[in-house]
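Engineer:
In this note's numbering, the protein residues as written are 3 to 175.
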């Protein structure tokens, strides 16, 4: 791979990878996700990422828990704190993996983080992961679509942005 291919072990420093951790089991990480994690200087993760994934990181990698739960001082890590930390590490020349449960684009605020990185002119790449909306039924043998029984799948959030004027969900549908 060359630096232009986005290889995190190459000379292209100062980049953020928004990495989907999949549904939890480290064996279900994508090959690309594993490569990025193995080459990252810093891995930022939260409580939705299985500890076994963090335990599998190389010793030289610095794991940073950015969970949005209260810390020792009682303060919560905010989304703005996470975004600032990603940018700061990237500007220090680090390869940063922002590890997100499932897929970064499915209820993981990956879109917001990508927008922030773009606004800050920080190079980034999205590394998709397997969302639990697909993985959970698959593990127990239930197809999420079937030509005779299920023609569509809808994934709905349980937590919309509280600042929205009105819900985008049509519960009557």
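Built from N, CA and C at the ideal position, the CB exists for glycine as well.
With residue 66 and residue 44 assumed to form a contact (beta carbons below 8 Å), what rounded beta-carbon distance in angstroms separates them?
Structural biologist: About 6 Å separates the two Cβ atoms, so the contact holds.
Engineer: For the region 54 to 98, which segments carrying the beta strand (DSSP E) assignment without a break, of at least 3 residues, lie completely within its bounds, in sequence order?
Structural biologist: Segments of the beta strand (DSSP E) lying fully in the region 54 to 98: 64 to 67.
Engineer: Determine the extent of the beta strand (DSSP E) in which residue 127 is found, giving its start and end residues.
Structural biologist: Unbroken beta strand (DSSP E) run through residue 127: 126 to 129.
Engineer: Tell me whether residue 100 sits in a helix, a strand or coil according to DSSP, three-state version.
Structural biologist: Three-state DSSP puts residue 100 in a strand.
Engineer: Put residue 148 into one of helix, strand or coil per three-state DSSP.
Structural biologist: Residue 148: strand per DSSP, three-state reduction.
Engineer: Give the C-beta separation of residue 51 and residue 110 to the nearest angstrom, bearing in mind that I take them to be a contact with Cβ-Cβ under 8 Å.
Structural biologist: In fact, because the Cβ distance is near 11 Å, the residues do not count as touching under 8 Å.
Engineer: Are the CB atoms of residue 128 and residue 160 nearer to each other than 8 Å?
Structural biologist: Taking 8 Å as the Cβ cut-off, residue 128 and residue 160 do not qualify as a contacting pair.
Engineer: So, is residue 25 buried or exposed, given that buried needs 16 or more other C-beta atoms within 10 angstroms?
Structural biologist: Counting Cβ neighbours within 10 Å, residue 25 comes out buried, since at least 16 surround it.
Engineer: Measure the CB-CB distance between residue 46 and residue 97 and report whether it falls below 8 Å.
Structural biologist: No, the Cβ-Cβ distance between residue 46 and residue 97 is not below 8 Å.
Engineer: Have a look at residue 163 and residue 169 and give me their C-alpha separation to the nearest angstrom.
Structural biologist: Their Cα atoms are separated by approximately 9 Å.
Engineer: Just how far apart, CA to CA, sit residue 132 and residue 29?
Structural biologist: Rounded to whole angstroms, residue 132 to residue 29 spans 11 Å at the Cα level.
Engineer: Considering Cα atoms alone, identify which of 57, 166, 85 is closest to residue 120.
Structural biologist: The option with the nearest alpha carbon to residue 120 is 85.
Engineer: Comparing C-alpha positions only, which one of 144, 112, 91, 57 sits nearest to residue 20?
Structural biologist: Of 144, 112, 91, 57, the residue nearest in Cα terms is 112.
Engineer: Whose C-beta lies closer than 6 Å to the C-beta of residue 70 among residues of the same chain, with five residues either side of it excluded?
Structural biologist: Counting only Cβ-Cβ distances below 6 Å, and skipping sequence neighbours, we find 78, 79.
Engineer: Applying the 10 Å Cβ sphere with the 16-neighbour rule, what's the burial state of residue 82?
Structural biologist: Classification for residue 82: exposed.
Engineer: Where does residue 141 sit, in a helix, a strand or coil, going by DSSP?
Structural biologist: Here residue 141 sits in helix by DSSP.
Engineer: Which same chain residues end up closer than 6 Å to residue 89 when comparing Cβ atoms and leaving out the 5 residues on each side of it in sequence?
Structural biologist: So the list reads 122, 124, once near-sequence residues are dropped.
Engineer: Note the first and the last residue of the continuous alpha helix (DSSP H) segment covering residue 113.
Structural biologist: Looking at the DSSP string, the run of the alpha helix (DSSP H) that includes residue 113 is 112 to 121.
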